[in-house]
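Residue numbers (the numbering used here): 2 to 230. Backbone N, C-alpha and C fix where the C-beta goes; we use that ideal spot for every residue, glycine too. Everything numeric in this text was worked out from a predicted model, so none of it was measured. Inspection log for the structure reproduced underneath, given as structure tokens.
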Amino acid sequence: MTHADTVIDPTLDDGVAAVTERAGTLSAPARKRRFGLRIVFVAVVTALLAGAAGQFALFAHKIATIEVPKTANADAIVVLTGGHARVSEAVRLLEEGRANRLLISGVHPGTTRKQLAAVTASTMPLEKSTVDLDRVALNTAGNAAETASWVRKNGFSSLLVVTSAYHLPRAEAELSGALPNVELIAYPVFSKDLKLNTWYREPATIRLLMREYVKYILARLRITVKSVS
């Protein structure tokens, strides 16, 4: 028999598999293996999605149940801008003597102290001796960097962190990375329009929390990579 006349013995499993695969059909054992791999793939993907959904639910629950600290005293206060309510609450804490100095981080370059005092209904004129304005930070990472520089310059060892409740996990992560040896006391500010207690029934709140969760995860990954590099 010449080379051209050579055929694969159909009694050999490997030969049958090779011929049938090239022909576009699979043997029963091969189909069974492929089906098994698909089942494993679907199971793995389902487990990953379920795990991600569970982690998000824990994140949302943590935000929904966060409470204002009973004793909110520190060397200084930092408020991360993003709404009048945040700044108003920080100024109120300063007026109550919860700290001796306040940093308002992320202030628009064109905003004056007089304007800030007006929108916060403050009884204080936001004097330079007690209130500092950071006009450099453009995002949460920038807030953390500018706050860290301010804290080190003034030698503070504890910091009251004022921001929206949904923003606190990411703010704490960024500030912890920038100030590992400083005590951070989280002080949440709650928006009347944001229904955190029933977040799972509010599409707008779910979308907000999902966006914040993604930003939080990315921030944690960046901080971790930076710390080991």
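Classify residue i: buried if its beta carbon has 16 or more other beta carbons within 10 angstroms, exposed otherwise.
i, result
"Asp-194", "exposed"
"Ile-40", "exposed"
"Ala-24", "Because the pLDDT of Ala-24 is 42, which lies under 50, any placement of that residue in the model is unreliable, and the question is left without a value."
"His-62", "exposed"
"Gly-156", "exposed"
"Pro-170", "buried"
"Tyr-217", "buried"
"Glu-175", "buried"
Would DSSP call residue i helix, strand or coil?
i, result
"Leu-169", "helix"
"Ile-218", "helix"
"Thr-131", "coil"
"Leu-185", "strand"
"Ser-192", "coil"
"Ala-73", "coil"
"Leu-95", "helix"
Pull up the CB-CB distance for residue i and residue j, whole angstroms please, since I reckon it's below 8 Å.
i, j, result
"Thr-112", "Val-88", "10 Å between Cβ atoms; not a contact."
"Asn-198", "Ala-58", "Going by Cβ atoms, the distance from Asn-198 to Ala-58 rounds to 14 Å, so no, they are not a contact pair."
"Thr-82", "Ile-105", "6 Å"
"Val-190", "Val-162", "Val-190 to Val-162, Cβ: 11 Å. No contact."
By Cβ distance, which residues of its chain are closer than 8 Å to residue i, with the 5 residues on each side in sequence left out?
i, result
"Glu-184", "Ala-75, Ser-158, Ser-159, Leu-160"
Spatial neighbours of residue i within its chain, please: C-beta separation below 7 Å, excluding the five flanking residues on both sides.
i, result
"Trp-200", "Ala-61, Ala-65, Thr-206, Ile-207, Leu-210"
"Tyr-214", "Phe-57, Phe-60"
Task: Contact between the segment 218 to 230 and the segment 64 to 79 (3+ Cβ pairs under 8 Å) - done: Output reads no: the segment 64 to 79 does not touch the segment 218 to 230.
Open item on the list: Count Cβ pairs between the segment 142 to 153 and the segment 91 to 111 that sit closer than 8 Å; are there 3 or more?
Closed with: In short, these stretches touch, since the Cβ pair count reaches three.
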